[in-house]
């Protein structure tokens with residue numbers, strides 16, 4: 142009887158489950174019928190057609206990289222493409238687009254002149270000749286010629302010691318440390334840091350490499366091989382002299398162990414074994430650098446989707462968005478850039494690009510005493526890896542692949558390394574609630590297009606955004622995240638930061654970012670103006686014996702490059718304008734304003750010899766006359782010879798040329814001072830850590846152009862639920878369910894794989 146009852150209960154449960162499943166399917170079908178899937182097709186056509194002329198600014202394709210590489214290998218230059226090429230050999234280090242001359246590009250874009258010759262820049266490290274050469278190779282896609290442009294571009298020969306450290310040199314460095322340091326200090330490394338067959342130390346080198354031009358001496362700091370290694374210093378540093386191109390001639394010049402210096406590995410080992418040093422005793426470290434969640438996610442946060450399809454289009458290297466259009470690219474060295482930026486078919490910006498990211502550190506330990514990172518010398522765009530869908534960018538953003546050739550044997554594809562999306566910023570662009578006389582509401586959501594990439598350069602991750610607003614404004618901004626760089630806590634350390642973990646100092650440092658802003662306001666004949674205010678004592682017209690302090694507009698036009706080099710440590714006018722002779726309807730010069738957002742620390746004093754390599758950071762804004770040979774404010778070669786840089790930006794200004802009715806370029810510096818604190822563990826957050834520049838129309842239009850946007854909302858009493866001028870009133874009826882692509886990630890495919898060479 143009991144068995145029959147159990148069998149009956151079992152069958153009843155099965156029937157119940159089946160009925161529940163069928164009911165759920167029916168409900169889902171009913172609900173799905175009421176919630177149509179969102180179409181990715183645009184509800185309204187684009188306002189303009191894509192233009193193939195944007196390809197004049199396109200990054201090199203994989204095929205073009207290969208064509209240039211094969212052409213170079215046929216030139217009898219004895220060039221290697223192996224990733225472990227020795228410094229004494231010749232190595233093809235970089236292939237990148239050589240941008241067209243501006244005059245030729247404009248003639249092609251505007252006057253249907255011939256298309257500029259498409260060319261590539263090639264950098265070769267000649268170990269056999271002890272020099273670096275830059276070549277321009279073209280025409281693409283089938284190159285037939287090359288020319289050496291080193292002297293033309295830099296006005297000097299480039300010595301080999303200016304080169305960045307390649308994978309091949311790193312291979313030799315790791316081999317050297319294993320042979321000449323680790324194998325001779327096994328007892329110390331085991332007892333102090335737990336080093337053994339299954340536990341090693343990681344290296345993080347500091348820069349610049351020495352104290353004078355010609356030096357190639359690198360302090361290498363050692364860190365635990367753990368998550369966020371940069372915040373796990375162990376108190377062991379080695380000064381490696383690797384000036385010789387022959388690695389057998391390399392040597393250790395100094396060592397630092399627990400705050401004490403030693404002349405050689407043998408001296409440190411001897412003093413350690415005799416018990417004459419204060420020993421670091423290994424203890425199993427806490428894994429405080431891990432970014433693994435410490436709680437189980439319960440639900441997904443807010444997401445955005447396109448209810449009526451995307452309002453932008455991406456084809457080749459061109460983006461169209463409402464009234465905007467622009468071409469884009471990603472330089473291996475300098476990173477993100479856009480060209481030919483137009484609003485309502487009128488060019489506003491010829492080039493907007495990242496130039497340099499620089500940090501200066503403070504410490505009492507040797508590596509960070511000297512550290513001044515110049516990231517374009519390593520490659521900013523080089524480290525733009527795949528963006529994580531739904532985290533780095535909205536889930537439904539458009540993702541674009543890029544190819545790069547820098548310190549590799551073949552071009553490398555970086556999937557989804559650029560993202561583009563329209564974003565509702567969560568506040569109105571403008572609004573007014575009319576309370577008096579005529580009751581009404583008028584407003585407009587602040588939806589803008591974001592063009593983004595994120596570069597992970599060593600410990601820091603920089604998020605780069607170019608944002609295009611419906612008011613005709615463009616913003617270039619950067620936010621920093623990632624891990625702070627730290628040093629082992631020794632006596633005197635707290636003068637240079639805060640303790641953030643056991644025996645760990647978060648070192649004070651600056652972040653300076655340089656942007657190039659080549660504005661063309663109603664053409665290329667522009668002037669630079671400043672505007673500000675001052676209080677003046679005014680007699681009241683109706684009561685002349687009484688006075689009042691009244692703010693008054695102060696306007697000034699600057700005439701030369703030196704006048705327009707606005708130093709960071711001086712008071713700067715609040716309004717800075719690139720203006721045209723053309724006037725708007727009200728008789729004012731059409732202009733765009735440069736509005737800089739920055740919390741930068743102090744710039745390195747100019748008395749320091751290293752400062753020449755970062756002289757662009759002297760200025761909040763510097764205005765120069767456009768020159769094709771003044772393409773970038775820094776260079777690939779600045780980091781490893783900061784004392785005699787290939788590009789010294791201050792020389793752009795030395796000739797003090799006229800900037801009246803000229804083609805002008807603004808070089809804008811922004812950034813922030815970072816005093817690390819406990820909340821930087823494990824990761825620095827983007828909130829408050831950034832800066833940028835906003836390009837705003839100022840008398841450029843006759844009125845705010847966003848008044849013509851279809852996003853505007855307007856209603857009055859009795860018309861609140863009308864859809865005529867208020868699409869929000871119909872949103873509930875028009876809402877649809879979104880179709881999501883599956884989550885994928887391939888970002889580890891293109892990383893620098895040191896493990897193969899250790």
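Residue numbers (the working numbering): 142 to 899. Ideal Cβ placement from N, Cα and C applies to all residues, glycine included.
- Every unbroken stretch of the beta strand (DSSP E) spanning 3 or more residues and falling wholly within the segment 260-328 is given here in chain order: 260-267, 272-279, 286-289.
- In this chain, residue 438 is not harboured by any alpha helix (DSSP H), its DSSP state being neither H nor E.
- The beta carbon of residue 465 sits closer than 8 Å to those of 482, 483, 484, 590, 609, all from its chain and outside the five residues before and after it, given in chain order.
- Here residue 707 is near residue 761, since their CB atoms are less than 7 Å apart.
- Taking the Cα of residue 814 as reference, the smallest distance to any Cα among 804, 807, 384, 829 is reached at 829.
- Checking the DSSP bridge columns, you'll see residue 838 partnered with 733.
- Taking all protein chains in view, the Cβ of residue 534 is crowded by 16 or more other Cβ atoms within 10 Å, so the residue is classified as buried.
- Residue 349 sits buried, since 16 or more C-beta atoms from the chains shown fall within 10 Å of its C-beta.
- Taking the Cα of residue 231 as reference, the smallest distance to any Cα among 274, 705, 261, 547 is reached at 274.
- The beta carbon of residue 343 sits closer than 8 Å to the beta carbons of 363, 364, 365, 366, 370 from its chain, once the five residues preceding and following it are set aside; these are given in chain order.
- Residue 415 counts as exposed, since fewer than 16 other C-beta atoms from the protein chains shown sit within 10 angstroms of its C-beta.
- In this structure, residue 790 places its C-beta atom within 7 Å of the C-beta atom of residue 756.
- Between the alpha carbons of residue 401 and residue 635 lies a distance of about 17 Å.
- Looking at the DSSP output, residue 478 shares a beta bridge with 470, 494.
- The beta-carbon distance between residue 669 and residue 805, rounded to whole angstroms, is 6 Å. This is short enough to meet the 8 Å contact definition.
- Nearest Cα to residue 869 within the set 859, 880, 855, 881: 855.
- For the beta strand (DSSP E) assignment, the uninterrupted runs of no fewer than 3 residues enclosed by the segment 720-766 are, from N- to C-terminal side, 730-738, 760-766.
- No residue range can be given for residue 421, since it is assigned to no beta strand (DSSP E) and is classified by DSSP as neither H nor E.
- When DSSP states are grouped into helix, strand and coil, residue 378 belongs to the strand group.
- Nearest to residue 368 by C-alpha distance, out of 563, 600, 439, is 600.
- Boundaries around residue 657 are those of the beta strand (DSSP E), 650-660, since no alpha helix (DSSP H) includes it.
- By the criterion of a C-beta distance shorter than 7 Å, residue 729 is surrounded in its chain by 840, once the five residues flanking it on both sides are discounted.
- One alpha carbon belongs to residue 702, the other to residue 603, and they sit about 31 Å apart.
- For the 7 Å CB-CB criterion, residue 597 and residue 524 form a contact.
- Within the segment 803-834, the beta strand (DSSP E) runs of at least 3 residues that lie entirely inside it are, in chain order, 805-815.
- Per DSSP, the beta bridge partners of residue 674 are 694.
- With respect to residue 607, residue 561 sits apart: the two C-beta atoms are not nearer than 7 Å.
- Secondary structure of residue 499 (DSSP, three-state): strand.
- For the 7 Å CB-CB criterion, residue 492 and residue 659 form a contact.
- DSSP, reduced to helix, strand and coil, places residue 637 within a helical segment of the structure shown.
- Bridge partners of residue 510 according to DSSP: none are assigned.
- Positions of the beta strand (DSSP E) runs, each at least 3 residues long and wholly inside the segment 522-547, are given as 539-547 in order along the chain.
- Sequence-distant partners of residue 689 (beyond 5 residues in either direction) whose C-beta falls short of 7 Å from its own C-beta, in its chain, are 679, 681.
- For residue 461 and residue 583, the gap between their C-alpha atoms comes out near 27 Å.
- For residue 630 and residue 397, the gap between their C-alpha atoms comes out near 13 Å.
- With fewer than 16 other Cβ atoms inside 10 Å of its own Cβ, residue 632 counts as exposed.
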